[in-house]
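Taking the numbering used here, the leading residue of the sequence shown gets 1, the next gets one more, and so forth. Taking it in order: structure first as structure tokens, then the write-up.
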Amino acid sequence: LEIDGAPEGIVYITDPHVQASNIDHVRAVIAGINRLEPTIVLIGGDFVTGDEEDFALQEVWSQLDAPTYAVLGNHDYRVGTNGTTGLERTLATRASATLTADGYDVSALNDGSADTAFAEELIAALEENGVHVLRNEYLRLTAGDREIVIVGIDDGWAGMADPPSVPKTDAFTVYLVHEPSCRADWDADLILAGHTHGGQFLFPIIKQLNDQGSIELAGLFDADGRTPTYISRGICSADLAGVDLRFNCQPEIVLINPTDEQLQALEDPVDLIHVARKT
């Protein structure tokens, strides 16, 4: 993965789906991130499963040492959270969303099914624990010795995505969007997405199609001059009886342009850490 011009030492994770059955795993991920001492941490949404009665487990994010910025995903709005409703959202996106940079419009997906009160309570819990949630807004800040513009797009499947107007800049610009299918070819240096869990069950034929770019489940996609998009496999997944289900598709922490110190820390890397090396 080559990301020319990106600030050093950025960590990106997505799809934590924090619950009692995986909380120790999430804590281990956070400990691994802290060991890397990143400049900033970016999170691509789906903090919950959608079945929560409260958000007490979101306290885990207070353990992150670095400044942390995030967007929400479809589970955070309780939209498209199972196979049937997920397929409905996929088809609705294809049929009714306009996904161009100039005319972006997913308002047809805002059909009243999104649980906005649930999302607002989740946001309050995240903010209380150090996660700054971006909702169709951008920030310009310094990461290491470089400036970066972080553009956070609210969830597309919930019909909440409404990209802000971002002034032209020489700063490295990254868009956070949960569903890769809801992205546009924005004027940016990088788009970070999640949602797919990398396919979760990555059988050889599926992996081949993904590697060819015929489908987009995990990895870097930048064909035809489009804005480079990295789709992460995420750190957790759907589960059965409290057991995360994956095949040939390991969870990952994405480390963009690691510093020498971070590379030193990776001398004994754990399976979770995928390194996006500098060019």
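Cβ atoms here follow ideal geometry from the backbone N, Cα and C, with glycine treated the same way. No experiment lies behind these values; they were computed from the predicted model shown.
Please name the residue, chosen from the options, that lies closest to residue i on a Cα-to-Cα basis.
i, options, result
"L139", "H132, V149, D4", "V149"
"I33", "A20, V60, D46, G219", "V60"
"S194", "E128, I153, H132", "Checking the displayed sequence, the identity of residue 194 turns out to be Gly instead of Ser. Checked all of E128, I153, H132; the closest Cα to G194 is I153."
"Q58", "N129, L220, A31", "N129"
"Q286", "G44, I30, L263", "In the structure as shown, the chain starts at 1 and stops at 279, and residue 286 therefore has no counterpart that could be examined."
"A158", "G5, H17, G86", "G86"
"G65", "E52, W186, G50, R27", "With the sequence shown as reference, residue 65 is identified as Asp, and Gly is not the correct amino acid for it. Out of E52, W186, G50, R27, R27 has the C-alpha closest to the C-alpha of D65."
"A125", "Y230, E52, H25, P258", "E52"
"L202", "A223, V151, R233, D224", "R233"
"F183", "R89, A20, T100, G80", "Here residue 183 turns out to be Arg, not Phe, going by the sequence shown. Answer by Cα proximity: T100."
"A56", "M160, T81, A20, A117", "A20"
"G225", "G103, S214, I253, A188", "A188"
"S181", "V166, Q208, L190, E216", "E216"
Buried or exposed: residue i, going by 16 or more other Cβ atoms within 10 Å of its Cβ?
i, result
"T39", "buried"
"A76", "Note that residue 76 is Asp in the sequence shown, not Ala. With 16 or more Cβ atoms within 10 Å of its Cβ, D76 is classed as buried."
"T98", "exposed"
"L220", "exposed"
"P164", "exposed"
"G83", "exposed"
"E179", "buried"
"Q264", "exposed"
"R94", "exposed"
"R277", "Because R277 carries a pLDDT of 44, less than 50, the predicted location of this residue cannot be relied on, and the following value inherits that uncertainty. Label assigned to R277: exposed."
"A218", "buried"
"I256", "buried"
"G116", "Reading the sequence as shown, one finds Thr at residue 116 and not Gly. When all chains shown are included, T116 counts as exposed."
"L91", "exposed"
"G103", "exposed"
"A114", "buried"
"A119", "buried"
"I191", "buried"
Inspect the beta-carbon positions of residue i and residue j and report whether they are closer than 8 angstroms.
i, j, result
"N74", "D155", "yes"
"V134", "V71", "A small fix is needed here, since residue 134 is Leu in this sequence, not Val. Cβ atoms of L134 and V71: closer than 8 angstroms."
"V41", "V11", "yes"
"P251", "I235", "yes"
"I43", "I13", "yes"
"P7", "G144", "yes"
"R78", "G45", "no"
"L122", "V48", "yes"
"Y69", "H132", "yes"
"A171", "E137", "no"
"T227", "D185", "yes"
"Q262", "L36", "yes"
"Q212", "R246", "no"
"V151", "T173", "yes"
Which first and last residues belong to the alpha helix (DSSP H) in which residue i is found?
i, result
"F118", "116-128"
"H17", "Where H17 is concerned, there is no enclosing alpha helix (DSSP H), given that its DSSP letter is neither H nor E."
"I191", "First-last for I191: 190-193, but that is the beta strand (DSSP E), not the alpha helix (DSSP H)."
"A300", "Residue 300 is absent from the structure shown; the chain starts at 1 and stops at 279."
"V293", "The structure shown does not extend to residue 293, since the chain is modelled only from 1 to 279, so the question has no answer here."
"A70", "Not the alpha helix (DSSP H): A70 falls in the beta strand (DSSP E), residues 68-70."
"L91", "83-96"
"I3", "It is not in any alpha helix (DSSP H) - I3 carries neither H nor E in the DSSP assignment."
"L263", "260-265"
For residue i, write down the residues that DSSP places opposite it in a beta bridge.
i, result
"E137", "G152"
"F296", "The first residue shown for the chain is 1 and the last is 279, placing residue 296 beyond what the model contains."
"F201", "F247"
Residue range of the beta strand (DSSP E) that residue i falls in?
i, result
"T227", "Per DSSP, T227 belongs to no beta strand (DSSP E) and is neither H nor E."
"L42", "40-43"
"L220", "219-221"
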